[in-house]
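Q: Heads up: the sequence lines are chains R and X, in that order. Note that the numbering used here has the first sequence beginning at 8, numbered continuously upward. Note that the numbering used here has the second sequence beginning at 28, numbered continuously upward. Virtual Cβ for every residue (Gly too), placed ideally from N, Cα, C. Have a look at this one before I ask anything.
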Amino acid sequence: QKEVEQNSGPLSVPEGAIASLNCTYSDRGSQSFFWYRQYSGKSPELIMFIYSNGDKEDGRFTAQLNKASQYVSLLIRDSQPSDSATYLCAVIISGGYQKVTFGTGTKLQVIP
Amino acid sequence: GAGVSQSPSNKVTEKGKDVELRCDPISGHTALYWYRQSLGQGLEFLIYFQGNSAPDKSGLPSDRFSAERTGGSVSTLTIQRTQQEDSAVYLCASSLGPSGYQETQYFGPGTRLLVL
Chain R
8 QKEVEQNSGP
18 LSVPEGAIAS
28 LNCTYSDRGS
38 QSFFWYRQYS
48 GKSPELIMFI
58 YSNGDKEDGR
68 FTAQLNKASQ
78 YVSLLIRDSQ
88 PSDSATYLCA
98 VIISGGYQKV
108 TFGTGTKLQV
118 IP
Chain X
28 GAGVSQSPSN
38 KVTEKGKDVE
48 LRCDPISGHT
58 ALYWYRQSLG
68 QGLEFLIYFQ
78 GNSAPDKSGL
88 PSDRFSAERT
98 GGSVSTLTIQ
108 RTQQEDSAVY
118 LCASSLGPSG
128 YQETQYFGPG
138 TRLLVL
């Protein structure tokens with residue numbers, strides 16, 4: 008089992024719809040969870056981070072964390088063509104030193 | 028500086044040659060990471076520095092790869108006797124420190140390495 012798993016996609020949604028991206032992780036000691044967006048040919052950039060169970064909203068983005076079920080998701084409301092990118096989930100186990108594990112990413116395509 | 032910088036932005040080399048890739052982290056960031064990303068693939072962790080120490084070198088693919096960090100700032104990733112399979116984008120990231128929001132990583136633009 009991979010430490011961090013994401014569906015590679017592509018996930019296609021029409022413009023204006025809600026895009027739902029999911030990530031599961033294997034280590035229950037994981038404490039910090041991040042979503043990065045990576046446009047083709049560019050470097051990853053941070054979208055959101057979440058540490059506590061529940062939802063965290065920032066504009067059109069909502070991160071959801073469920074530690075009991077070991078998943079974290081990212082919802083994008085009112086999807087725009089400019090949201091088309093690969094979304095990477097990253098999980099960090101704090102304490103000692105930072106072990107960072109990235110998922111392989113989900114490619115999102117927003118269709119105009 | 029405003030962000031993480033990397034040099035060179037592109038590097039073409041011949042098989043068997045050595046290459047050095049440089050990363051300048053954001054000022055004040057104590058943690059520094061190197062990743063490799065092959066075309067269409069995810070991020071492959073290579074090495075992590077906290078200050079000048081490397082607590083985790085587990086991702087280095089072979090003994091041809093080495094990295095160092097001096098003065099708690101600039102880091103150099105060296106690949107000796109390059110092979111064609113080393114062709115990839117090498118990304119550097121830095122973060123402020125080891126707790127909470129400080130763990131957010133900020134990525135540089137990457138070095139695109141092509142080994143002929």
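Tell me the residue span of the beta strand (DSSP E) that contains G61 (chain R).
A: G61 (chain R) -> beta strand (DSSP E) spans 61-65.
Q: Roughly how far, in whole angstroms, is the beta-carbon of S80 (chain R) from the beta-carbon of A26 (chain R), given that I think they are within contact range, below 8 Å?
A: Wrong, their Cβ atoms sit about 10 Å apart, outside the cutoff.
Q: Taking only the alpha-carbon atoms, compute the straight-line gap between G66 (chain R) and I57 (chain R) and give it to the nearest angstrom.
A: C-alpha separation (whole angstroms): 15 Å.
Q: Consult DSSP for E12 (chain R) and reduce its assignment to one of helix, strand or coil.
A: E12 (chain R) falls in the strand class under three-state DSSP.
Q: Which residue or residues does DSSP assign as beta-bridge partners of S80 (chain X)?
A: Answer is X:Q77, bridged to S80 (chain X).
Q: Below 8 Å on the Cβ atoms is my guess for V39 (chain X) versus L143 (chain X); work out the distance and round it to an integer in Å.
A: Indeed, because the Cβ distance is near 7 Å, the residues count as touching under 8 Å.
Q: Use the C-beta contact count for E41 (chain X): other C-beta atoms within 10 angstroms, 16 or more gives buried, fewer gives exposed.
A: Exposed: under 16 other Cβ atoms inside 10 Å.
Q: When you compare only the Cα positions, how much space is there between A94 (chain X) and R49 (chain X)?
A: Looking at the two C-alpha atoms, the distance is approximately 10 Å.
Q: Is there a Cβ of chain R sitting closer than 9 Å to that of F72 (chain X), yes or no?
A: True, the Cβ-Cβ gap to chain R drops below 9 Å.
Q: Could you name the residues of the same chain whose beta carbon sits closer than 8 Å to that of T131 (chain X), not counting the 5 residues immediately before and after it, in chain order?
A: Correct list, in chain order: S122, L123.
Q: Quick one: what's got a C-beta closer than 7 Å to R91 (chain X)'s C-beta in the same chain, skipping five residues either side?
A: Taken in chain order, the residues that qualify are I106, Q107, R108.
Q: Within the same chain, show all residues whose beta-carbon is closer than 7 Å to that of R63 (chain X), passing over the 5 residues directly before and after it, in chain order.
A: If we look at R63 (chain X) and ignore the five residues flanking it on each side, its Cβ neighbours are E71, L73, A115, Y117.
Q: Just verifying my parser: in three-state terms, what is the DSSP assignment at Q107 (chain X)?
A: The answer is coil: DSSP assigns Q107 (chain X) none of H, G, I, E or B.
Q: In this structure, how does DSSP classify S54 (chain X) when only helix, strand and coil are distinguished?
A: In this structure, S54 (chain X) counts as coil in the three-state DSSP scheme.
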